[in-house]
Amino acid sequence: MTHVPDDPADQLPDLSLGLLFDPAAEIEVRDTLLPLLADRPAQVVSYRLNTLPDWPAGMTVLTYLNDDQFAELAPEAVARQWIIGLLPHPGLNQARRCFGVAPRLEHALDDALNGAKEGRVDLLYANSRPVFNSVVIGEMFSLSGGGQSPGFRTRLQRFLSILRSGFGIQQLHPYTLTTGKDKSLVTVALGIVIVKKGHASLLFRWIIDDSGGNDGMLHALILAPRSRMEILRFLLAALILGGQREKLPPFVGHIKTAALTVTSSRPLDYSQDGAWISARQLELTVAPKTLRLLPGRRLDLQEGSPQAKEIYKVQGLPVGESRTALDSQPLPWLHRASTEEFKDLYLALRDNAHPSSAYLTLMVLSTLLACLGLFANSAPVIIGAMILAPLMAPIISLAMAVVRQDGNLLADSLKTLILGLLLALSCAAAMTWVIPLHSVTSEIAARLNPTLLDLGIALVSGVVGAYAHAREEIARSLAGVAIAVALVPPLAVAGIGLGWGEWMVFRNSFLLFLTNLFGILLAGNLTFLLLGFGPFRLAQRGLLTALALVGVVSVPLSVGFTRMVEQNAIVRALEGQEIAGVILREAALLPGDRLHLSIRLLSPTTLDRADVERVKRAIESRLGRPVTLEATIVVIL
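So for the sequence shown, my numbering puts the first residue at 2; every next one is plus one.
Dropping the structure here:
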């Protein structure tokens, strides 16, 4: 008969099933667990680490223990080669999730005694103590959770909770990590998360798609955000996407290895399965296929490659100058890029700031092509000129020079920009003298009335242009930016105005060019600043200058925008209206100081001058102002 002995000496050595239980749960074992084992003989022993029963290797041992007790028992079970079947003790939280134990006692017993086939599983050790889920070093977000990806509501609650804890983080700390193959990394990090299985941590489910099967390897994620905004972007992505990412975030390193040593110049405070521990050094090792286990129904024992390769993705972590700058310093709101991080970009922008022969040649060709397209009233030809135009390059270099307060880059960019501007005006004026045409086509007229909408286009294009220069992977978008902001066509129209000797054409088109120039400059400044290419205190003078220039051109743009809104209201007020049996169609405002209205009058009968005068008076009465009417009469039969 199954009984609860008080001492291991009372055990029945001929039985093949053992049960080790928590002494504090003796009543529950007697009243609930033992009745479920009534048809199976078992040796039932109260758990004491120093007086374990002398059961033989290969014996099935059921355990009803909490996490701490099973962590003590696991190395002994490995040494004695017992086959372990875990039962869901109320205090067995970490190990239950790790080994997929069913939460209901009867289900877990059924899995252990009837359904489960013995498997050998890896064990992760941290300073010789088993780890069932994760080791978290340093200040981290709330990273608990296993199982399936949560729904949006749960993700939102976690996001708000993590946001509160994440923005309380003050600084990064120095760490040295050495892998099992003696690869060493000296960096600073917000924290490090180590797990055996990829799904053991919420953070790992967000970032990597690897369940960490029995491959004898552990995973370590090193989080080293350069700013609080990087944390916010990561959390927003986790909230919205919910599942795995295609690649690591730029501030996260991933190491997969059989052993890892973590040291620091200060005491290591880490959480192991939720319990806080402090040590001078942390030794993490994986004992492959060491624990003989009857797996729970929720555990998928994947057989990993016996010779799994190390993964060492740490390219985005701070080293060198950036590591020194971030070491034990308050975490900034905006990322500050080190010289090492944007060396290639800076060299490219320096090259763009010089007036090369290719720049001068493209400047001439794009201006000539733009002039031909303007005279021919051909939008495709003008678009070709926009793509050819190289003016965007020195403007972006100028934006970087303002952010970094680099006097040499600033002077070179301005020289190249002014040279290109004068070359474009000269070529356009010369082209006007050669071509015997003196008519304002619709393409020319489209560049004579700049408004605040054009400034908005320039600002967005400046952001995209600066971002595309900073990120090689989207550099192909520069052609689209060139088309959107259209720098050369307004310059070509200004040159045409000079050739014609018409001040109004030159003034309005050159205002559009200045709008594009100053808008791109301001937006480029802000973009490079947000990307961390210069501290705000250094860039603020240049930013204020660019903002002042944008403010100056915004005054006439505001006037133009107000006029456009007013004209749109007039057209809407008249379009489709019926006055004295006459329907008004295709209302349009023509340029001029007075309100000059072009309109089609649709009538079933012929209209004489008196009828048109009557329509004109009705329009003036409706608009409350005198108009000059240019009417086209259409008789509907």
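Heads up, the beta-carbon is just placed ideally off N, CA and C, and yes, glycines get one too. Remember, it's a predicted structure, so these values are computed and weren't measured experimentally.
Do you know offhand how far residue i's Cα is from residue j's?
i, j, result
"G92", "R98", "12 angstroms"
"I28", "L106", "15 angstroms"
"S145", "H108", "No answer about S145 holds up, because its pLDDT of 43 lies below 50 and its placement is not dependable."
"L375", "L424", "18 angstroms"
"D123", "R267", "31 angstroms"
"Y65", "A39", "16 angstroms"
"S414", "I396", "7 angstroms"
"L449", "V494", "9 angstroms"
"P36", "Q273", "35 angstroms"
"N378", "R618", "37 angstroms"
"W56", "V45", "12 angstroms"
"R538", "V404", "10 angstroms"
"P536", "Y126", "44 angstroms"
"T633", "L603", "9 angstroms"
"W504", "L236", "55 angstroms"
"M2", "P42", "Its pLDDT being 38, under 50, M2 is placed unreliably in this model, and the coordinates cannot settle the point."
"L575", "P451", "25 angstroms"
"D455", "L513", "8 angstroms"
"Q568", "P592", "11 angstroms"
"H470", "K416", "20 angstroms"
"A402", "N128", "51 angstroms"
"M393", "V382", "19 angstroms"
"Q149", "R299", "Annotation note: pLDDT 47 at Q149 (below 50); position unreliable, coordinate value reported separately. Taking the straight line from one Cα to the other gives about 12 angstroms."
"A430", "S358", "22 angstroms"
"Q541", "L335", "15 angstroms"
Are the CB atoms of residue i and residue j nearer to each other than 8 angstroms?
i, j, result
"V253", "L285", "no"
"L522", "G561", "no"
"L295", "E73", "no"
"P391", "L363", "yes"
"I138", "R293", "no"
"L590", "L598", "yes"
"P289", "G217", "yes"
"E587", "I600", "yes"
"G502", "Q406", "no"
"Q70", "D112", "no"
"E621", "V628", "yes"
"L1", "L261", "Absent from the structure is residue 1, since the part of the chain shown begins at 2 and ends at 638."
"L411", "A386", "no"
"G275", "Q95", "yes"
"F529", "A326", "no"
"R234", "L332", "no"
Looking at C-alpha atoms only, which residue of the options is the closest neighbour of residue i?
i, options, result
"S185", "Y176, G192, L191 and I193", "Y176"
"F511", "I497, I383, N94 and L415", "I497"
"A26", "P42, R130, S47 and S17", "S47"
"G59", "R595, H470 and L18", "L18"
"V287", "I195, D301 and L327", "I195"
"L545", "L531, S555, L630 and N526", "N526"
"A190", "K197, P226 and L550", "P226"
"P131", "G192, V187 and K197", "K197"
"A581", "L596, V566 and T606", "T606"
"Y360", "Q172, L422 and P331", "L422"
"H255", "G457, A380 and I193", "I193"
"L20", "D32, T52 and T61", "T61"
"T179", "Q82, T264, L53 and P251", "T264"
"S559", "E579, Q578 and T516", "T516"
"F100", "N115, L173 and N215", "N215"
"V315", "T52, P331 and T188", "T188"
"N51", "L34, R31 and E77", "E77"
"I637", "N67, I584 and L335", "I584"
"L532", "H355, V506, R573 and Y468", "Y468"
"R573", "L550, L624 and G321", "L624"
According to DSSP, residue i sits in a beta bridge with which residue or residues?
i, result
"K314", "H255"
"P175", "V189"
"S135", "V196"
"H597", "L591 and T629"
"F22", "S47 and Y65"
"A221", "I195 and I256"
"L636", "Checking the sequence, you will find Val at residue 636 rather than Leu. Paired residues: S604."
"L125", "V132 and V287"
"P57", "P57 pairs with nothing; no bridge assigned."
- request: Give, in chain order, every unbroken run of the beta strand (DSSP E) that is at least 3 residues long and sits entirely within the region 228-307.
  value: 253-258, 260-273 and 276-294
query: Which runs of the alpha helix (DSSP H), 4 residues or longer, sit entirely within the region 66-102?
result: Qualifying alpha helix (DSSP H) stretches, in chain order: 68-81 and 95-99.
task: Within the region 477-534, note down every full alpha helix (DSSP H) run reaching 4 residues or more, in order along the chain.
output: Scanning the region 477-534 from its first residue to its last, the whole alpha helix (DSSP H) runs of 4-plus residues come out as 479-486, 489-501 and 504-531.
- prompt: Considering only residues of the region 543-592, which uninterrupted beta strand (DSSP E) runs meet the minimum length of 3 residues and lie entirely inside it, listed in chain order?
  reply: 583-591
query: What residue ranges within the region 370-435 form continuous alpha helix (DSSP H) runs of no fewer than 4 residues, ordered along the chain?
result: 380-389, 393-405 and 408-435
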